[in-house]
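Asker:
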Amino acid sequence: PADIDLVVLTHMHPDHANGLVDPAGAAVFGKAHLAVAEAEYGFWTDDGILSQAPAGVQPFFHMARAAVKPYAGPDRISRFGKEAEIIPGIRVLAAPGHTPGHSMVEVTSGTDRLLIWGDIVHAASLQFAKPDWAINFDTDQQAAIASRKRVLDQVAADRVLIAGAHLAFPGIGHVGRAGEGYEFVPAFWQS
């Protein structure tokens, strides 16, 4: 953690952001600059939205705020729009729906490209075959479906290497067409 100087968040759900802090609430990445979508940060830190959220969802707001709190300040956190180059070779692309500012991170080196797509697919066993199926964790289910269909079409057509948090081991691979839907083709793994 001491060597990490940049953390880019796809979104602020606890399974993606809570690792930013230790059990005492201190920053795990002491020197890191945090980058997050403006729409994402604004949503989770807005007191008006929090006050209108269902009681069962309010803990997500508190966890998101606690995760970014030690990184507060312009020298530690930056917010980006729908698309931005964070540093050369690392770009963020908007893919809203799962959360308001859900983003994907595109990493390029020469002609190599990796798309870290966050939670474009959350329930892989269902959503590759049926990309129009949403989950309850999607803030805006219709926007999540639209983002998923757009991204799946693009990565399948362009054979983009993708990585996602909710994909089968090794979590990196390609997407192919399968009937009316898609399939995940894991990258070959060797130790």
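Per full-length UniProt numbering, the sequence shown starts with residue 1, numbered consecutively. All residues carry an ideal CB built from backbone N, CA and C; glycine is no exception.
1) Would you mind sorting W189 into buried or exposed? The rule is 16 or more other CB atoms within 10 Å of its CB.
2) Grab the span of the alpha helix (DSSP H) containing V151 for me, first residue to last.
3) In angstroms with no decimal places, state the Cα-to-Cα distance between F128 and G48.
4) Let me check one thing: in DSSP terms, what residues is I172 bridge-paired to?
5) Please work out which residues of its chain come closer than 7 Å, Cβ to Cβ, to I135, disregarding the five sequence neighbours upstream and downstream, and give them in chain order.
6) Identify which residue in I77, P170, I86, R113 has its Cα closest to the Cα of H33.
7) Using only the alpha-carbon positions, how far apart do E38 and V92 sit?
8) Measure from the alpha carbon of H16 to the alpha carbon of each residue in I145, S103, G173, then state which is nearest.
9) What would DSSP say about P186, mapped onto helix, strand or coil?
10) Quick one: residues in its chain with C-beta nearer than 8 Å to the C-beta of I87, no 5 flanking neighbours on either side, listed in chain order?
11) Quick check on the burial criterion: 16 or more other C-beta atoms within 10 angstroms. Buried or exposed for H62?
12) Contact between the segment 21-31 and the segment 63-75 is defined here as three or more beta-carbon pairs at a separation below 8 Å; is this criterion met?
13) Starting from E38 and walking both ways along the beta strand (DSSP E), at which residues does that stretch end?
14) In chain order, which alpha helix (DSSP H) runs of at least 4 residues are fully inside the segment 49-133?
15) Using 7 Å as the cut-off, classify the Cβ of D22 as near or not near the heavy atoms of the ligand MN, replying yes or no.
16) Please state whether DSSP places G19 in a helix, a strand or coil.
17) If L115 and I162 are in contact, beta carbons under 8 Å, what's the gap, nearest whole angstrom?
18) Which value, in whole angstroms, describes the spacing of the CA atoms of F169 and A143?
19) Just the Cα atoms here: how many angstroms apart are D3 and L50?
20) Enumerate in chain order the residues of its own chain whose CB-to-CB distance from V185 is below 6 Å, with the five nearest sequence positions on each side excluded.
Answerer: Taking the definition as stated:
1) exposed
2) 141-158
3) 35 Å
4) A163
5) H122, A123
6) I77
7) 12 Å
8) S103
9) strand
10) L6
11) exposed
12) yes
13) Segment 38-45 is the alpha helix (DSSP H) holding E38; no beta strand (DSSP E) there.
14) 58-68, 124-127
15) As presented, the structure is devoid of all ligands, the ligand MN included, so that no description of it is given.
16) helix
17) 5 Å
18) 27 Å
19) 34 Å
20) G173, H174, G176
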